[in-house]
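Following this note's numbering, the numbering of the sequence shown begins with 596 at its first residue and continues without gaps.
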Amino acid sequence: MVFSNKVTRGYTLAINNDPNPKGHAGELALIHFDASNQNSPKVTAYAYNGQNAINSWIDGNGSVAGNQTPDVIETALDTSWINTATVTDAAGKRRFLLDINVAGINGHTPLYPSGQNDWTGAQFGNQIGLWFHTFTGSATTYGAQGQLCDWNYNQHGWFDAPNYQTILVPLPAGAWMGMAGLIGVGVVARKRRAAMK
Numbered sequence: 596m597v598f599s600n601k602v603t604r605g606y607t608l609a610i611n612n613d614p615n616p617k618g619h620a621g622e623l624a625l626i627h628f629d630a631s632n633q634n635s636p637k638v639t640a641y642a643y644n645g646q647n648a649i650n651s652w653i654d655g656n657g658s659v660a661g662n663q664t665p666d667v668i669e670t671a672l673d674t675s676w677i678n679t680a681t682v683t684d685a686a687g688k689r690r691f692l693l694d695i696n697v698a699g700i701n702g703h704t705p706l707y708p709s710g711q712n713d714w715t716g717a718q719f720g721n722q723i724g725l726w727f728h729t730f731t732g733s734a735t736t737y738g739a740q741g742q743l744c745d746w747n748y749n750q751h752g753w754f755d756a757p758n759y760q761t762i763l764v765p766l767p768a769g770a771w772m773g774m775a776g777l778i779g780v781g782v783v784a785r786k787r788r789a790a791m792k
């Protein structure tokens, strides 16, 4: 994700298979990408409470008065699910790169299930719905277990979108040939080792 300036300090994201994710409590994960420290970003995930707010880290159930225990899926202490989380600046722009393993998110059992729809976590198919909010001037704190304790910001923007068509991008033919070559090299090497025994 590339921003046209260098002021964005984080974002939240919920995705689903089609409609706007906003309001779908107990079905989706809300991912928090915290770049308040650009050199050491933190990523957490909570079950989305359905409110038109980013307070799922405070209140796990938005349909009940008061703050209910947050439904924590992934904390900042466990980074095993994060393949890449970086923030880089170049040519007056800021680029966020997030590559995560969503198996734990998709396999999560929600503390406050929807009652109407199944938990989908971060799954989507031929279409995708996005609920995306960006933040400037972010200041965050975390608890001993790596859970968010504070998420302050100066300004925020958003991009909410239902029914976006996804595109399956196949591996280029050259990549398949390269993989075939590697497999061939492995087979030849194995045969040579076997012949030497």
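All C-beta atoms, glycine included, are put in the ideal place defined by N, C-alpha and C.
Opening and closing residue of the alpha helix (DSSP H) in which residue i lies
| i | result |
| --- | --- |
| GLY699 | 698 to 701 |
Boundaries of the beta strand (DSSP E) in which residue i is found, first to last residue
| i | result |
| --- | --- |
| GLU747 | Residue identity check: residue 747 is Asn in the sequence provided, not Glu. ASN747 -> beta strand (DSSP E) spans 743 to 747. |
| PRO757 | 750 to 760 |
| THR715 | THR715 -> no beta strand (DSSP E), and no H or E assigned at all. |
| VAL638 | 637 to 642 |
| LYS601 | Taken as a continuous stretch (DSSP letters only), LYS601 belongs to no beta strand (DSSP E), as it is neither H nor E. |
| THR736 | 734 to 737 |
| LEU693 | 688 to 695 |
Buried versus exposed, by CB contacts within 10 Å (16 or more), residue i
| i | result |
| --- | --- |
| ILE762 | exposed |
| THR639 | buried |
| ASN611 | buried |
| ALA671 | buried |
| ASP713 | exposed |
Residue i - partner residues in DSSP beta bridges
| i | result |
| --- | --- |
| ASN611 | GLY724 |
| VAL682 | PHE691 |
| THR729 | TYR606 and GLY752 |
Where residue i falls: helix, strand or coil (DSSP)
| i | result |
| --- | --- |
| LEU777 | The pLDDT assigned to LEU777 is 44, lower than 50, so where the model puts this residue is not dependable; a value taken from the coordinates is nonetheless given after this. Reduced to three states, the DSSP call for LEU777 is helix. |
| ASN650 | helix |
| ASP673 | coil |
| HIS619 | coil |
| LEU763 | coil |
| ASN632 | coil |
| LEU625 | strand |
| LYS786 | With a pLDDT of 40 at LYS786, under the threshold of 50, the predicted position of this residue should be treated as unreliable, though the coordinate-derived value follows. Helix. |
| VAL659 | coil |
Residue nearest to residue i in terms of C-alpha spacing, selected from the options
| i | options | result |
| --- | --- | --- |
| TYR606 | PRO757, THR715, ASN747 and VAL764 | ASN747 |
| VAL667 | PHE730, GLY738 and VAL764 | GLY738 |
| SER599 | THR729, ASP745, PRO757 and GLY645 | THR729 |
| SER631 | THR736, ALA642 and ALA620 | THR736 |
| LEU692 | ASP613, GLY724 and ASN678 | ASN678 |
| ASP629 | GLY699, ILE723 and LYS637 | LYS637 |
Chain D within 8 Å of residue i, Cβ atoms only
| i | result |
| --- | --- |
| VAL659 | Looking at the structure shown, chain D is missing, and only one protein chain is on hand. |
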